[in-house]
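All remarks here apply to the structure that follows.
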Amino acid sequence: MSEYQRLVMAPAAPTLEILEGDIDGHLSVNMVEEPGRIDHKKQRYPTCIVWTPIPCLTWLFPFIGHMGIATTIGVIRDFAGPYYVSEDDMAFGVPTKYWQLKLDKVMAGNGKNLSQVWDTCVYEASEEYKNRMHNLFFDNCHSHVAMALNRMHYDNSNSYNMVKLCFLMLVHGKYVSVWGFVKTWLPFLIFASLVIGLVVAFTTT
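Structure below.
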């Protein structure tokens, strides 16, 4: 059975009961799908956008890195190279940052199970990018994630792109650990310190 079949046939994600009172004081119950639990040790990030540094490039520009998107069970898919979308083997190493999205902001369901809609959109975007050449500047890992989000109209938007996702990850991303923070920023700080040191040395001689 393929990954797609396993995902769409899987039971719905856990739900949370929310009690709401109407004007007559009666209570009604709404069921809202909740994403799965994040497990850093097992590298499981359900409904998350994940990010990891790219050697050399991130050292110079720490806001630029490699991005992937995870299914509702936490399997990471990332556009890792020409005609290749990896599964649970993220290019450039394990994530250092993540941003967990909310299933109730998936707008393309039309009454369908939102978990299945999410997984279907991730699957379809991944299948599309298996047929694409990787271009660092125009069609890359960010573009793959953007296509998945646009297909599900996440947060009522279909205008996600590499620039927008780079900014959103910078704002909403959380570090997986202290080491994740160090791995992201230490090379840049070392490089910046060397540059500043050289500038000071040459200007004072």
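For the sequence shown, the numbering used here gives the first residue as 80, with consecutive numbering after it. Ideal Cβ placement from N, Cα and C applies to all residues, glycine included.
For residue i, the nearest candidate out of the options (CA to CA)
{"i": "L244", "options": "G172, I128 and T199", "result": "I128"}
{"i": "M212", "options": "G160, F142, P134 and G115", "result": "G160"}
{"i": "V154", "options": "P125, L136 and W138", "result": "P125"}
{"i": "V164", "options": "V250, G252, N219 and Y208", "result": "Y208"}
{"i": "A204", "options": "L215, N192, N219 and L193", "result": "N219"}
{"i": "G115", "options": "S238, L182 and H145", "result": "L182"}
{"i": "F288", "options": "L193, N189, G147 and I152", "result": "The question about residue 288 has no answer here: the residues shown for the chain are numbered 80 through 284."}
{"i": "T263", "options": "T131, N189 and E166", "result": "T131"}
{"i": "K121", "options": "T282, I152 and H145", "result": "I152"}
{"i": "M305", "options": "E206, N192, H251 and A271", "result": "The structure shown does not extend to residue 305, since the chain is modelled only from 80 to 284, so the question has no answer here."}
{"i": "D118", "options": "F281, Q179, D157 and S272", "result": "Q179"}
{"i": "E166", "options": "L249, I269, V201 and N189", "result": "V201"}
{"i": "T199", "options": "R156, M241, H221 and L265", "result": "R156"}
Identity of the residues DSSP links to residue i by a beta bridge
{"i": "I148", "result": "I128 and R156"}
{"i": "Y233", "result": "DSSP output for Y233 lists no bridge partner at all."}
{"i": "R211", "result": "Looking at the DSSP assignment, R211 forms no beta bridge with any residue, so it has no partner."}
{"i": "R123", "result": "D118"}
{"i": "Y254", "result": "K176"}
{"i": "D218", "result": "N214"}
Boundaries (first-last residue) of the beta strand (DSSP E) holding residue i
{"i": "S165", "result": "Y163 to E166"}
Nearest-angstrom Cβ-Cβ length linking residue i and residue j, presumed shorter than 8 angstroms
{"i": "T137", "j": "I143", "result": "6 angstroms"}
{"i": "V255", "j": "P174", "result": "6 angstroms"}
{"i": "K253", "j": "Y177", "result": "6 angstroms"}
{"i": "V185", "j": "Y233", "result": "6 angstroms"}
{"i": "N285", "j": "N229", "result": "With the chain represented from 80 up to 284, any question about residue 285 goes unanswered, as that position is not in the structure."}
{"i": "P141", "j": "F267", "result": "4 angstroms"}
{"i": "M169", "j": "W197", "result": "With a Cβ gap of about 19 angstroms, M169 and W197 do not count as contacting."}
{"i": "H223", "j": "F158", "result": "4 angstroms"}
Residue burial classification, residue i (beta-carbon count within 10 angstroms, cutoff 16)
{"i": "P134", "result": "exposed"}
{"i": "H105", "result": "Because H105 sits at a pLDDT of 40, beneath the cut-off of 50, its placement in the model cannot be relied upon, and the point is left open."}
{"i": "N109", "result": "Interpretation of N109 is limited by its pLDDT of 40, a score under 50 that renders its predicted location unreliable; the figure taken from the coordinates is listed afterwards. Its Cβ having fewer than 16 others within 10 Å, N109 is exposed."}
{"i": "G100", "result": "Caution applies to G100, whose pLDDT of 44 falls short of 50 and renders its modelled position unreliable; the value that the coordinates give is listed next. Answer is exposed; the Cβ neighbour count stays below 16."}
{"i": "W258", "result": "exposed"}
{"i": "I275", "result": "exposed"}
{"i": "L139", "result": "exposed"}
{"i": "L277", "result": "exposed"}
{"i": "L193", "result": "buried"}
{"i": "Q84", "result": "Below a pLDDT of 50, predicted positions are generally treated as unreliable, and Q84, at 48, falls in that range; no measurement from the model is reported."}
Segment limits, alpha helix (DSSP H) that includes residue i
{"i": "Y177", "result": "Premise fails: Y177 lies in the beta strand (DSSP E), K176 to Q179, not in any alpha helix (DSSP H)."}
{"i": "E143", "result": "The amino acid at residue 143 is misidentified as Glu; the sequence shows Ile. I143 -> no alpha helix (DSSP H), and no H or E assigned at all."}
{"i": "K262", "result": "V257 to T282"}
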